[in-house]
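Q: Just passing along the structure, written as structure tokens.
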Amino acid sequence: MTLLIARPAAAQDASGPVRFSVEVSGEGPDVLFIPGLSTSREVWRDTVDGLDGHRAHLIQLRGFGEDAGVNARGPIMQPVVNELARYIRDNDLRQPAVIGHSLGGLLAMKLGVSHPDLAGRIMIVDSMPWFAVITVIPGTEPQMTAVTAQAEQMRAMMLGLYGQEIPEAANDALLRSYIVDQTNLPLLREWTADADPRVTGQLFYEVMIADMRQDIAAITVPVTVIYPHRPGAMPQESVAAFYRQQYAALPAAQLVGIGPAAHFVMVDQPEAFRETLQMFLSGQ
């Protein structure tokens, strides 16, 4: 059975989420799946189709795969986190597992910090407490003033793309870097085809200036961090050390490397990802 909890933005009222829609399927313990920047809930479709014995809640942010609604203007991340908390409470979900990819992982962290009593466990898929670290030379510390200025420039550029047709070649160049198996490029095109650049731009800005490296110490539930290791890139030991440093405030977090894979780990290595997911859900 699949239930879609969604209404047009104009018809939203106080009883349901306005920042995202939810598709619910299956039976069993509850699991929330949150996609990353610019991607629809379809990112998680294959994973959920192979998941038995659980009730999956596929989150989709408005503006990624559907009309932007209220996400077209103003801050988005914290309002989304607050609505996720409300969704969990209103639907009487008892400490659901929360799984987030990229931006979704950051949202899961924020949920764990600001509403520590709600999630039962958190899985973070190739995300980090401060994305700005990937913009500087390894071993150096990003400067918030410079990071903010760069993020503002990117936001302005993306806002300028609203209503414009983006050349497929330009989009593909970015998408190709997110996967090792290039035969999956059509999937990424499909998942990002309906992304509203206004929402992408605002969330990119918010992600880049969010430094949660110390905040995550407030997370009290078990955390698993999935990270990719890619052939020809940094040595696996260096990649593991980088992620461990990012999550230093969560020394009990379980870090799991999966490869060969790039940013979309669950696409490049679906079987290894499912196996890790099952272990996570069973509390191992």
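Note that UniProt numbering gives residue 2 to position 2 of the sequence shown, counting from 1, and the numbers run on in steps of one.
No residue lacks a Cβ here, since even glycine has one placed at the ideal position from N, Cα and C.
Do you know offhand how far S21's Cα is from G257's?
A: Sequence index remark: in the sequence shown, residue 21 carries index 21 (1-based). Sequence index remark: in the sequence shown, residue 257 carries index 257 (1-based). Straight-line Cα distance between these residues: approximately 31 Å.
Q: From the DSSP output, read off the bridge partner residues of Q95.
A: Counted from its first residue, the sequence shown places residue 95 at position 95. None; Q95 has no bridge partner.
Q: Let me check understanding here. Comparing Cα to Cα, which of P138, V136, R155, R198 lies closest to E66?
A: Looking up residue 66 in the sequence shown gives position 66. Ranking P138, V136, R155, R198 by Cα distance to E66 puts R198 first.
Q: Can you tell me where the alpha helix (DSSP H) with residue 288 in it begins and where it stops?
A: With the chain covering only 1 through 284, there is no way to say anything about residue 288.
Q: According to DSSP, is A195 helix, strand or coil?
A: If you number the sequence shown from 1, residue 195 lands on position 195. A195: strand per DSSP, three-state reduction.
Q: When we look at the beta-carbon of G163 and count the other beta-carbons within 10 Å, is it buried (16 or more) or exposed?
A: To locate residue 163, count along the sequence shown from 1; it is residue 163. Counting Cβ neighbours within 10 Å, G163 comes out exposed, since fewer than 16 surround it.
Q: Can you tell me which of P270, Q245, I59 puts its alpha carbon nearest to the alpha carbon of V133?
A: Here residue 133 refers to the residue found at position 133 when the sequence shown is read from its first residue. Out of P270, Q245, I59, Q245 has the C-alpha closest to the C-alpha of V133.
Q: Any contact between the stretch 25-45 and the stretch 95-110? By contact I mean 3 or more CB pairs, one from each, below 8 Å.
A: The answer is yes - the stretch 95-110 touches the stretch 25-45, with three or more Cβ pairs under 8 Å.
Q: If you follow the alpha helix (DSSP H) that V81 is in, where does it begin and where does it stop?
A: As a first step, residue 81 is located in the sequence shown; it is residue number 81 there, counting from the start. 77-90 is the span of the alpha helix (DSSP H), which, as asked, contains V81.
Q: Are the CB atoms of A210 and A249 within a distance shorter than 8 Å?
A: Along the sequence shown, read from residue 1 onward, the residue named residue 249 stands at position 249. Along the sequence shown, read from residue 1 onward, the residue named residue 210 stands at position 210. Not closer than 8 Å, so no.
Q: Inspect the beta-carbon positions of R230 and A262 and report whether they are closer than 8 Å.
A: For the purposes of this step, residue 230 is taken as residue 230 along the sequence shown, with counting starting at 1. For the purposes of this step, residue 262 is taken as residue 262 along the sequence shown, with counting starting at 1. Going by C-beta atoms, R230 is nearer than 8 Å to A262.
Q: Can you have a look at D268 and say buried or exposed, based on whether 16 or more other CB atoms are within 10 angstroms of its CB?
A: Reading the sequence shown from its first residue, position 268 is the one you call residue 268. D268 comes out buried.
Q: By Cβ distance, which residues of its chain are closer than 6 Å to V48, with the 5 residues on each side in sequence left out?
A: Position 48 of the sequence shown, counted from the first residue, corresponds to residue 48. Excluding sequence neighbours, V48 sits near A56.
Q: Using 10 angstroms around the beta-carbon of T224, count the other beta-carbons present and answer buried if the total reaches 16, otherwise exposed.
A: Translated into positions along the sequence shown, residue 224 becomes position 224. Buried is the call here.
Q: Just the Cα atoms here: how many angstroms apart are residue 339 and L185?
A: In the structure as shown, the chain begins at 1 and stops at 284. Residue 339 is therefore absent and cannot be evaluated.
Q: Report yes or no: do the stretch 118-126 and the stretch 159-175 share at least 3 C-beta pairs separated by less than 8 Å?
A: Short answer: they don't touch.
Q: What is the residue span of the beta strand (DSSP E) that P270 lies within?
A: For the purposes of this step, residue 270 is taken as the residue at position 270 of the sequence shown. Looking at the DSSP string, P270 is not in any beta strand (DSSP E); the run it does join, the alpha helix (DSSP H), is 270-281.
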